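*Asks:* Pasting a structure below so you can have a look.
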Amino acid sequence: MTELPPLVTIIILVYNGQDYLPACLESIARLTYPNFETIAVDNASTDGSVALIRQYYPHIQLIQNPRNLGFGGGNNVGLKAAQGDVMVLLNQDTVVDTRWLTELVNTIQNDPTIGIAGCKIYNADGQTLQHAGAYLLPNALSGHVGRDEPDHGQYDQLHDVEYVTGAALAVTRQVIDYCGLLDPGYYPAYYEEADLCFSARRMGFRVIYVPSATVVHHETVSSGGISSAYLYRYHKNRLRFVIKNFNWPDLKQKFAKFELDWLRYHKPPGNNLPLLKAYLYNLFTLPATLTARRRYQPTGQPISGSKRALSPNNNRVEIPSSAPKLSSLAPTAPQLLKREINTMISDRNQKRILILGGCPLPFENQLKTYSVGLRTWQLTEPLLKDGHEVCLVASRLLYQYPAGTKPVEKTVNSNFTYYSVDNALFEGTDFVQTIHNEIQPDCIVAANSFPSYIAAGLHTECPLWADLNGHLMTEAQSAAHAFDDDHYLDHFLAYEKRVVQRADIFSTSGQPQRYATLGELGLLKRLNKKTAGYTFVHTIPNAVDPVVYHPTKPVIRGYKATDTDFVVLWSGGYNTWADIDTLFTGLEMAMAHHPSIIFVSTGGAIKGHDEVTYPQFQSRVKNSPYRHRFHLCDWVPREDVPNYFLEADVGVNVDKDTLEGVLGTRTRIYDWTKAALPTLTTNICELTQIMTREKICYTIPLNDPDALCERLLYLADHRDELKACGQRARDYFFSQLTFEQTTMPLRQWVQQPHHAPDWRPTPLKPELAPVDLSHQELLGRLQEQERLTHHLYEQVTTLNQALNDIRATRWWKLATAYWSVGAWSKENFKRSNKR
């Protein structure tokens, strides 16, 4: 005999909804889920709702309340009568998809830590979104993710949220047992579901948004729309929620500050009378709210026994890959009323983001531009264009700034704050931690491996996106091989391990590195039951800013080569992966056969990283019979570099056969394509494989100087073909590899940043990179710890002073007096009764 899946109770709170109930109940009748019951709780309707249910839906259990108990009280009646292991609160003005309940239950079954699940909810048109999860601002103003946005799949990922709307909310019996029923103190409505979700999260349950469970909601049918009465009820319950749920430090540090800013800069809709009444109401009901604060704190003790454990079994209904849109199910209805509440709050699609990265950035007037700065700006600029408030803290690459540069240089421009920070100060983390604490970001984005390592060590509960642009351990292997020293491995491993343990989501430069990162996550046991189905790693290819280069002055022709010479260009550093043997031998062979071939180099040694490879190449050139045709310009001023691209005939890139090359990319090729400079490269990384497929580059095998020679000779005699290839490459890069397109996964995540499913608030113990400190350095570290201890002492003193300031305020004294009188009266009443 086939075992039925868990019993589900659908609770529909009814109040004067006869025009919408038929569509709602008919959609429930079409559900594919095989095991559910429906309870309709009538809140003293005055229309024909009760008669309609009795006449046409006699199979539905109907409970009539003698009076309107509000949203919380009415639903509590249904929750007490429910027999299911899962209870679903469903508004009367909704229409559900046939797979809606199946999707909710299967998601809950897949993870026993899930306590509450919400749905993707559409407006009445069935196309624009009404709810994809919900959030609260620091003063508890509420909002829905994706509100009134067309659904293009931007919120199709299952993830944790702060809370979900009660219009369609599934809750397990375990949550009700441990956290209690809805708080009726929010009568008649608003904030009950937020209160329940916060209680569940405090008990360790997850609150999940399930995008495959879809609903159409007509909204404001029972509440009557926006009015002064609505605004009063909304703010009354908002303030009650704050007093009941916020911890005391947050009341002053976050709530009070944000509330004052909101009142100052965002004038509430209508007149201020409803808000004033809400403040007065909460002042005089403060003792009762404080009592509720204690009474409704989750105890962890079951109220009633659970009927059946919700765990995966072999009989659960299969989960589809996608859910259908509901436009065909939506009944005809009046135009949905606009929610003026959206004007009460700032647009929370605009987030406050802390970005950690590297500099110099591309627009800075420094001698060199490295991939770390390019990548940082690739992730930063689209977020700025999206309107987010961005604070970028960038670590300066060693030796790239003039001596005497200030340790910190701050630039502020509109919604962009940029800190250019000395590397040692950045690595110490105190500075970054201070900036983090000041701005209180919604999320952290770290561009490149070292900034990700610093971000992973911060004391924060912010969601973290770690961009691993290049695989660190394969780079360590290349360095170890080049310098014949394995001590790099432990150093880089400590970096990588901390990041992979802590970050909530990752990006890599290509699919090969994505698979490598997934392997690291597996080794650290993060590929577990909680993260099954979760997209841990996204691919963000490197990109180009589509700005066409224009010549400013001649740099090659007429100086190092004639107009008819064939100029082969190398640009950028000579890194550990560069195969200088193949490069030099192939060039020498080609020069022997073709007198017009000239080699120009605009890069050099990478100070502090690889100062060996370039001198070796210089030595080879110095002893060559063709040394007069090798022009090693070393590092040239950054503003002159595009002129070299524009005057050269082909850019050459030659890799060693390394895993770093397989998992990484070559950012110099992106620079060449902006100038339509054709590329001749070894075909090792994903980028060159894509370019080969699109026929927008020329490739040679690894370790093959003969092939390099042959290709150079061919290209020197087919310059028109070569030029056309460079133009096609630029067209492709400008259309397919822009900042905005490549960063789409990051931009979507930032709209609703969230932790990975296995995240826990307990911070990980940081892994320290191995160090070899002198006595003086150890003394410096000790002094730094003493300074930090003193700083913490000052913070505690400040908090105590803030608490004393609160106690000195009039409203606190009034509330204390009110409470004392109430307690005294209650005690006297008890004594008089005893007599």
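In my numbering, the protein residues as written are 1 to 835.
Backbone N, C-alpha and C fix where the C-beta goes; we use that ideal spot for every residue, glycine too.
Remember, predicted model here, so these are calculated numbers, not experimental data.
1. What are the start and end residues of each continuous alpha helix (DSSP H) run of 4 or more residues lying completely inside the segment 692-777, in chain order?
2. Roughly how many angstroms lie between the CA atoms of Ala675 and Arg728, to the nearest whole one?
3. Could you tell me whether the segment 465-478 touches the segment 390-404, using the rule of 3 or more Cβ pairs below 8 Å?
4. By the 10 Å Cβ neighbour count, where 16 or more other Cβ atoms means buried, how is Tyr15 classified, buried or exposed?
5. Ala134 and Val161 look like a contact to me (Cβ under 8 Å); what is the Cβ gap, rounded to whole Å?
6. What do you reckon, are the CB atoms on Thr682 and Thr699 nearer than 9 Å?
7. Taking Ser596 and Cys633 to be in contact with their CB atoms under 8 Å, please state how far apart those CB atoms are, rounded to whole angstroms.
8. Tell me which residue opens and which closes the alpha helix (DSSP H) that Ala590 is part of.
9. May I ask you to list the residues that DSSP assigns as paired with Met87?
10. Roughly how many angstroms separate the alpha carbons of Asn110 and Arg173, rounded to a whole number?
11. Per DSSP, Thr120 is paired with what?
12. What is the DSSP secondary structure of Leu356, counted as helix, strand or coil?
13. Kindly indicate which residue of Thr113, Lys385, Ala592, Asp148 has the alpha-carbon position closest to the one of Asn123.
14. For Pro678, collect the residues of the same chain with a Cβ closer than 6 Å to its Cβ; drop the 5 residues on either side in sequence, then sort them by chain order.
15. Since I believe Leu137 is in contact with Phe246 (beta carbons under 8 Å), could you give me their beta-carbon distance rounded to a whole number of angstroms?
16. Which term fits Asn653, buried or exposed, when burial requires 16 or more other beta carbons within 10 angstroms of its beta carbon?
17. In this structure, does DSSP put Cys462 in helix, strand or coil?
18. Run through the DSSP bridge pairs and tell me what Asn106 is partnered with.
19. Compute the Euclidean distance between the alpha carbons of Leu79 and Thr667, then round it to the nearest angstrom.
20. Excluding the five sequence neighbours on either side, which residues of its own chain have a C-beta within less than 6 Å of the C-beta of Lys307, listed in chain order?
21. Could you check what DSSP says for Gly143 in three-state terms: helix, strand or coil?
22. Using only the heavy atoms of the ligand SAM, determine whether one of them is closer than 8 Å to the beta carbon of Thr289.
23. Between the beta-carbon of Thr417 and the beta-carbon of Val390, is there less than 9 Å?
24. So, at 6 Å on beta carbons, what are the nonlocal neighbours of Pro757 in its own chain, with the 5 sequence-adjacent residues on each side left out?
25. Just checking my contact of Ala447 with Arg375 at CB under 8 Å: how many whole Å lie between their CB atoms?
26. Bridge partners for Val537 per DSSP, in chain order?
27. Could you name the residues of the same chain whose beta carbon sits closer than 7 Å to that of Trp577, not counting the 5 residues immediately before and after it, in chain order?
28. Excluding sequence positions up to five away, which residues of its chain have a Cβ less than 8 Å from the Cβ of Thr128?
29. By the three-class DSSP mapping on this structure, what secondary structure does Leu62 have?
30. When DSSP labels each residue in this structure, what does Pro34 get in the three-state scheme?
31. May I ask which residues mark the beginning and end of the alpha helix (DSSP H) holding Asn653?
32. Within its chain, find whatever has a CB closer than 7 Å to the CB of Phe241; leave out the 5 residues flanking it on each side and keep chain order.
33. What residues in its chain sit with their C-beta under 7 Å from that of Ala200, if we drop five residues either side in the sequence?
34. Which one or two residues does DSSP pair with His159 in a beta bridge?
35. So, at 8 Å on beta carbons, what are the nonlocal neighbours of Leu384 in its own chain, with the 5 sequence-adjacent residues on each side left out?
36. For Asp42, list the residues DSSP reports as bridge partners.
*Replies:* So, from the data block:
1. 705-716, 719-736, 739-742, 744-751
2. 11 Å
3. no
4. buried
5. 6 Å
6. yes
7. Between Cys633 and Ser596 the Cβ distance is about 19 Å, and since that is not below 8 Å, they are no contact.
8. 580-593
9. Thr9, Val171
10. 16 Å
11. What sits at residue 120 in the sequence shown is Lys, not Thr. Paired residue(s): Thr214.
12. strand
13. Asp148
14. Val650, Leu722, Cys725, Gly726
15. So it is not a contact: roughly 12 Å between Cβ atoms.
16. buried
17. coil
18. According to DSSP, which records beta bridges pairwise, Asn106 is partnered with nothing at all.
19. 59 Å
20. With a pLDDT of only 37 at Lys307, under the threshold of 50, the placement of this residue in the model should not be trusted; the figure read from the coordinates follows. Result list for Lys307: Asp85, in chain order.
21. strand
22. This structure simply doesn't include the ligand SAM, nor any ligand for that matter.
23. yes
24. Lys530, Thr531, Tyr534
25. 5 Å
26. Phe506
27. Ser478, Asp655, Lys656, Thr658, Glu660, Gly661
28. Tyr122, Asp148, Glu149, Pro150, Asp151
29. strand
30. coil
31. From DSSP, Asn653 is part of no alpha helix (DSSP H) but of the beta strand (DSSP E) over 650-653.
32. Ala140, Tyr191, Ala194, Asp195
33. Gly115, Ile116, Val175, Cys179, Val207
34. Tyr209
35. Val390, Asn415, Phe416
36. Val14, Gln64
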